[in-house]
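Step one of this worksheet: look at the structure below.
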Amino acid sequence: MSTTSDRLDGIPAAEVADVELYHPRSWITKYVFSQDAKIIGIQYALTATAIGLVALALSWLMRLQLGFPGVFDFITPAEYYQFITMHGMIMVVYLLTALFLGGFGNYLIPLMIGARDMVFPYVNMLSYWIYLVAVLVLAASFFAPGGPTGAGWTLYPPQAILSGTPGGQDWGILLMLLSLMLFIIGFTMGGLNYVVTVLQARARGMTLMRMPLTVWGIFTATVMALLAFPALFVSCVMMMLDRLLGTSFFMPALVEMGQRLNHDGGSPLLFQHLFWFFGHPEVYIVALPAFGIVSDLISTHARRNIFGYRQMVWAIVIIGALSFVVWAHHMYVSGMNPYFGFFFATTTLVIAVPTAIKVYNWLLTLWRGDIHLTVPMLFALAFIVTFVNGGLTGLFLGNVVVDVPLSDTMFVVAHFHMVMGVAPIFVIFGAIYHWYPKITGRMLNEAMGRIHFWVSFLGAYLIFFPMHYIGLLGVPRRYHEIGETAFVPASAHTLNAFISVMALIVGAAQILFLFNLAWSIRRGRPAGGNPWNATSLEWQTPETPPPHGNWGRDLPVVYRWAYDYSVPGAARDFIPQNQPPARAAE
Amino acid sequence: MEGIAQTQAAERPGGMEGFVADWSSDQRVFKNVSWGKAMMWIFLLSDTFVFGCFLLAYMTVRMSTTVAWPNPSEVFALEIFGTHMPLILIAIMTFVLITSSGTMAMAVNFGYRRDRRRTALMLVVTAIFGALFVGMQAFEWTKLIHEGVRPWGNPWGAEQFGSAFFMITGFHGTHVTIGVIFLLIVARKVWRGDYDTGRPGFFTSRGGRYEIVEITGLYWHFVDLVWVFIFALFYLW
Ligand code: HEM
Ligand SMILES: [Cu+2]
Chain A
0 MSTTSDRLDG IPAAEVADVE LYHPRSWITK YVFSQDAKII GIQYALTATA
50 IGLVALALSW LMRLQLGFPG VFDFITPAEY YQFITMHGMI MVVYLLTALF
100 LGGFGNYLIP LMIGARDMVF PYVNMLSYWI YLVAVLVLAA SFFAPGGPTG
150 AGWTLYPPQA ILSGTPGGQD WGILLMLLSL MLFIIGFTMG GLNYVVTVLQ
200 ARARGMTLMR MPLTVWGIFT ATVMALLAFP ALFVSCVMMM LDRLLGTSFF
250 MPALVEMGQR LNHDGGSPLL FQHLFWFFGH PEVYIVALPA FGIVSDLIST
300 HARRNIFGYR QMVWAIVIIG ALSFVVWAHH MYVSGMNPYF GFFFATTTLV
350 IAVPTAIKVY NWLLTLWRGD IHLTVPMLFA LAFIVTFVNG GLTGLFLGNV
400 VVDVPLSDTM FVVAHFHMVM GVAPIFVIFG AIYHWYPKIT GRMLNEAMGR
450 IHFWVSFLGA YLIFFPMHYI GLLGVPRRYH EIGETAFVPA SAHTLNAFIS
500 VMALIVGAAQ ILFLFNLAWS IRRGRPAGGN PWNATSLEWQ TPETPPPHGN
550 WGRDLPVVYR WAYDYSVPGA ARDFIPQNQP PARAAE
Chain B
0 MEGIAQTQAA ERPGGMEGFV ADWSSDQRVF KNVSWGKAMM WIFLLSDTFV
50 FGCFLLAYMT VRMSTTVAWP NPSEVFALEI FGTHMPLILI AIMTFVLITS
100 SGTMAMAVNF GYRRDRRRTA LMLVVTAIFG ALFVGMQAFE WTKLIHEGVR
150 PWGNPWGAEQ FGSAFFMITG FHGTHVTIGV IFLLIVARKV WRGDYDTGRP
200 GFFTSRGGRY EIVEITGLYW HFVDLVWVFI FALFYLW
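Sequences listed follow chains A and B, in order. Residue numbers are given in numbering that gives the first Met the number 0: position 241 of the first sequence equals residue 240, and the series is strictly consecutive. Residue numbers are given in numbering that gives the first Met the number 0: position 194 of the second sequence equals residue 193, and the series is strictly consecutive.
Dropping the structure here:
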């Protein structure tokens with residue numbers, strides 16, 4: 000295999016032999032128990048979308064209750080808690096994490112770095128099936144006696160396992176903990192694959208500093224997840240023991256309904272530290288892949304190289320590292336040592352620096368670019384705006400004195416929906432519009448795409464902008480009903496009703512999107528191999544959709560970075576990564 | 000962008016830049032590390048965080064509890080032939096586990112020499128030491144349970160003592176047990192010559208290599224190392 004290397008100017012010979020691929024023999028091993036990362040990626044994506052729709056439906060129910068209190072009296076306070084809990088947990092873990100890492104990670108990593116598959120396809124397959132079981136266990140809790148847990152997505156003890164919380168003394172909390180543990184085990188199997196594939200299985204010429212930023216984002220996020228999920232895993236184990244065996248890891252001495260409980264001496268704060276040691280990196284586990292993908296979308300659709308590639312890479316890595324030392328900004332009101340607040344506020348503000356660098360670089364990439372307002376580009380732009388917006392309110396909340404009065408108000412809900420709810424979802428949409436042609440060979444319908452975009456974009460602002468204001472008035476989060484309170488003016492109730500109507504409309508737009516996905520598989524315009532004239536490797540596969548093994552007989556060889564757009568003197572306005580230097584001018 | 004296209008051909012720069020260039024070079028970051036080994040190393044890193052969290056949690060509850068902590072060297076003492084010996088069982092267990100790391104290292108060495116029979120033999124010996132360790136742990140658990148130690152309470156003081164003890168040693172013991180099972184599977188494959196003939200695995204349908212012995216070894220040494228920390232932080236403190 001190294002004989003051809005002499006011809007290739009400056010590209011070292013292959014260091015590893017081409018892999019031995021597993022060739023499925025039956026329909027089942029090809030499409031169901033598939034070991035092909037692309038199929039696994041699609042399985043992840045479909046499962047995540049399915050459970051995500053449940054979370055969406057829950058948000059409608061919550062909004063109905065908040066907008067029209069008293070009208071929908073089948074939504075009891077206990078059920079409202081269950082809805083927010085399941086909505087939050089599903090959105091953060093089972094939808095966003097699974098879709099970005101399991102979905103896009105599996106589909107894109109091998110294609111973008113020029114590999115045939117993940118390094119351990121069998122383990123990769125197991126990863127998906129364990130994830131599926133985790134999702135099923137989670138969904139089962141809706142049907143368990145007592146219903147799902149209503150502890151809030153943060154699952155804080157002691158309340159999470161007390162009888163006053165829905166599911167606390169029933170099945171709800173147990174199924175939630177079990178499901179999370181399964182998710183973590185399944186994720187670890189996949190995550191190890193993604194990391195090793197990026198580190199050790201790149202194509203010839205694909206140095207780390209030539210990788211598309213999408214790969215950098217997913218890679219760094221996966222490393223973070225492998226280090227952050229252990230904290231959640233351990234807290235799940237301990238809470239499970241507290242609940243089942245009556246240990247007191249998180250449970251202090253308690254009196255419930257006049258009864259002294261059999262717990263003593265545990266530390267609820269310990270749970271909060273462990274949870275947020277996972278929880279804050281989790282925000283970036285979702286955000287970093289979004290950062291990466293958005294960089295590629297912007298560069299491709301503005302026909303311009305990404306501005307400051309190296310800075311972008313380092314910013315991703317530094318954000319990843321810093322995000323492990325900011326966790327206690329979620330705990331300013333928890334009663335921890337106040338000096339901690341000082342430390343964590345500082346680190347929180349420091350992390351804004353690399354983040355701001357990324358935003359400037361996106362803007363500078365757009366500057367004087369040949370901007371094509373395609374649907375992926377629209378979503379990418381929407382991401383930048385929304386992320387900046389959420390980031391700015393983050394600076395408020397990162398400061399102790401500002402956070403204390405705002406803590407646990409709707410302001411916080413508005414903030415995190417902007418920054419880690421809406422913004423990454425926009426990237427997911429943009430990414431789907433961008434890569435759907437590669438996955439299916441057909442374009443998504445443009446008109447439907449534009450309607451979907453404008454309704455979602457404007458709608459998201461109409462939902463979450465007013466929510467900041469409601470929060471500033473002091474309306475608390477996680478309240479079933481505010482009731483007649485002196486500090487909440489009547490207009491706030493009208494606003495709440497307005498938000499709810501918007502939420503329903505935005506939700507309906509997602510049905511249009513799903514319809515588009517299904518419709519375009521057969522009816523969409525045929526896309527060809529490289530509809531966006533993009534440079535990165537996944538667009539250069541010999542066949543579209545790429546078959547098992549991706550590259551046919553010969554692996555690609557990489558001669559340049561992924562951002563050779565509008566190079567002066569080149570024949571076309573893009574040069575694919577696998578085009579040799581001598582031919583670039585042709 | 001010609002410059003970028005040619006960085007590979009140019010001389011590698013020195014200093015910090017050279018460091019980055021080396022690490023980020025073509026195809027592989029770790030030049031002499033196979034995929035399997037890389038994967039095991041990264042898994043162990045992740046697992047370190049799991050054990051780290053367990054131990055930190057134990058130390059936290061040990062501080063948060065308001066009741067006195069039982070004295071480990073009293074609790075873990077045995078009467079042997081009428082002599083009172085603190086921590087004796089743990090000392091033996093630790094010794095057994097560390098010895099097993101030695102036999103594991105020998106197995107890896109024989110594996111490199113393609114010495115099929117001795118590799119298999121050493122793997123089995125390692126597995127026996129591992130099983131012995133788990134056996135002694137089971138004995139220790141039984142003894143404590145007889146004396147009234149439960150996850151939710153014990154006769155001598157803070158209930159977190161029992162909780163942390165059963166949880167952490169249980170979790171570690173599970174690791175050892177999994178290790179023993181893997182050792183036996185690998186031993187069987189070595190013995191049968193699967194790694195010489197490239198016979199495909201039952202589940203994965205792919206051929207294995209002798210390297211698997213070394214990868215199992217990495218896991219085994221890790222489980223050993225973790226025990227040293229548990230020993231120091233739980234039994235000696
Ligand atoms: C159509 C879009 C969405 C709507 C209308 C919506 C609405 C809501 C509402 C009404 C709440 C409860 C507020 C309260 O009473 O405290 C909530 C909570 C939450 N949402 Fe969303 N949401 C949406 C999308 C998302 C997305 C994409 C994410 C992903 C990160 C997300 C994550 C969360 C989280 C983590 C909570 C907190 C749950 C808790 O307090 O335990 N939401 N959402
Ligand atoms: Cu945070």
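Cβ coordinates follow ideal geometry from the N, Cα and C atoms, glycine included.
Proximity of residue i and residue j at Cβ, strictly below 9 Å
{"i": "residue 38(A)", "j": "residue 218(A)", "result": "no"}
{"i": "residue 351(A)", "j": "residue 397(A)", "result": "yes"}
{"i": "residue 262(A)", "j": "residue 326(A)", "result": "no"}
{"i": "residue 586(A)", "j": "residue 409(A)", "result": "For chain A, the structure presents residues 0 to 585; residue 586(A) sits outside this window and is missing."}
{"i": "residue 170(B)", "j": "residue 88(B)", "result": "no"}
{"i": "residue 386(A)", "j": "residue 358(A)", "result": "yes"}
{"i": "residue 526(A)", "j": "residue 419(A)", "result": "no"}
{"i": "residue 497(A)", "j": "residue 465(A)", "result": "yes"}
{"i": "residue 113(A)", "j": "residue 208(A)", "result": "no"}
{"i": "residue 161(A)", "j": "residue 84(A)", "result": "no"}
Boundaries of the beta strand (DSSP E) in which residue i is found, first to last residue
{"i": "residue 79(B)", "result": "76 to 79"}
{"i": "residue 82(B)", "result": "82 to 85"}
Counterpart residues of residue i in DSSP-defined beta bridges
{"i": "residue 15(B)", "result": "Partner(s): none; residue 15(B) has no beta bridge."}
{"i": "residue 573(A)", "result": "564(A)"}
{"i": "residue 149(B)", "result": "152(B)"}
{"i": "residue 259(A)", "result": "254(A)"}
{"i": "residue 525(A)", "result": "441(A)"}
{"i": "residue 18(A)", "result": "In the DSSP output, where bridge partners are listed per residue, residue 18(A) has none listed."}
{"i": "residue 206(B)", "result": "199(B)"}
{"i": "residue 23(A)", "result": "Answer is none; residue 23(A) lacks a bridge partner."}
{"i": "residue 475(A)", "result": "408(A)"}
{"i": "residue 545(A)", "result": "According to DSSP, residue 545(A) bridges with nothing at all."}
{"i": "residue 91(A)", "result": "Residue 91(A) pairs with nothing; no bridge assigned."}
{"i": "residue 203(A)", "result": "556(A)"}
Run of the alpha helix (DSSP H) containing residue i, from where it starts to where it stops
{"i": "residue 518(A)", "result": "489 to 522"}
{"i": "residue 29(B)", "result": "Careful: residue 29(B) lies outside any alpha helix (DSSP H) and carries neither H nor E."}
{"i": "residue 298(A)", "result": "267 to 300"}
{"i": "residue 80(A)", "result": "76 to 88"}
{"i": "residue 310(A)", "result": "308 to 321"}
{"i": "residue 62(A)", "result": "36 to 66"}
{"i": "residue 115(A)", "result": "Note, residue 115(A): premise wrong, no alpha helix (DSSP H); not H, not E."}
{"i": "residue 199(A)", "result": "171 to 199"}
{"i": "residue 191(B)", "result": "159 to 191"}
{"i": "residue 376(A)", "result": "374 to 397"}
{"i": "residue 234(A)", "result": "212 to 243"}
{"i": "residue 64(B)", "result": "Per DSSP, residue 64(B) belongs to no alpha helix (DSSP H) and is neither H nor E."}
{"i": "residue 232(B)", "result": "Careful: residue 232(B) lies outside any alpha helix (DSSP H) and carries neither H nor E."}
{"i": "residue 352(A)", "result": "351 to 365"}
Proximity test, residue i beta-carbon vs ligand 4 heavy atom, cut-off 8 Å
{"i": "residue 58(A)", "result": "In the structure on display, ligand 4 does not appear, and the ligands it does have are ligand 1 and ligand 2."}
Inset, instruction - Taking 8 Å as the threshold, find out whether the stretch 261 to 279 of chain A comes into contact with the stretch 323 to 335 of chain A through three or more Cβ pairs. - result: yes
Legend entry - Nearest-residue set for ligand 2, Cβ under 6 Å from any heavy atom: 279(A), 282(A), 325(A), 328(A) and 329(A)
Inset, instruction - Assess, as a yes-or-no matter, whether the stretch 92 to 109 of chain A is touched by the stretch 185 to 193 of chain A under the definition of 3 or more beta carbon pairs within less than 8 Å. - result: yes
Inset, instruction - May I ask you to verify whether the stretch 386 to 403 of chain A touches the stretch 431 to 451 of chain A, counting CB pairs closer than 8 Å and requiring at least 3? - result: no
Inset, instruction - Count the CB pairs spanning the stretch 364 to 383 of chain A and the stretch 298 to 307 of chain A that are closer than 8 Å, and state whether there are at least three. - result: yes
Inset, instruction - Decide if the stretch 458 to 474 of chain A is in contact with the stretch 406 to 421 of chain A; the criterion is three or more beta carbon pairs, one per stretch, under 8 Å apart. - result: yes
Legend entry - contact_flag[the stretch 108 to 120 of chain B, the stretch 140 to 155 of chain B] where n(CB pairs < 8 Å) is 3 or more: no
Inset, instruction - Determine, using beta-carbon pairs with one atom in the stretch 169 to 187 of chain A and one in the stretch 119 to 130 of chain A, whether at least three such pairs fall under 8 Å. - result: yes
Inset, instruction - Flag this pair as touching only if the stretch 567 to 581 of chain A and the stretch 53 to 72 of chain A have three or more C-beta atom pairs under 8 Å; answer yes or no. - result: no
Inset, instruction - Could you say if the stretch 158 to 168 of chain B and the stretch 246 to 256 of chain A meet the contact criterion of at least three C-beta pairs nearer than 8 Å? - result: yes
Inset, instruction - Mind the definition here: the stretch 450 to 460 of chain A touches the stretch 549 to 561 of chain A only if three or more C-beta pairs lie below 8 Å; say whether that holds. - result: no
Inset, instruction - State whether the stretch 170 to 183 of chain A contacts the stretch 136 to 150 of chain A, with contact taken as three or more CB pairs (one from each stretch) at a distance under 8 Å. - result: yes
Inset, instruction - Could you say if the stretch 428 to 438 of chain A and the stretch 279 to 296 of chain A meet the contact criterion of at least three C-beta pairs nearer than 8 Å? - result: yes
Legend entry - Inter-stretch contact at 8 Å, needing at least 3 Cβ pairs: the stretch 124 to 131 of chain B / the stretch 18 to 33 of chain B: no
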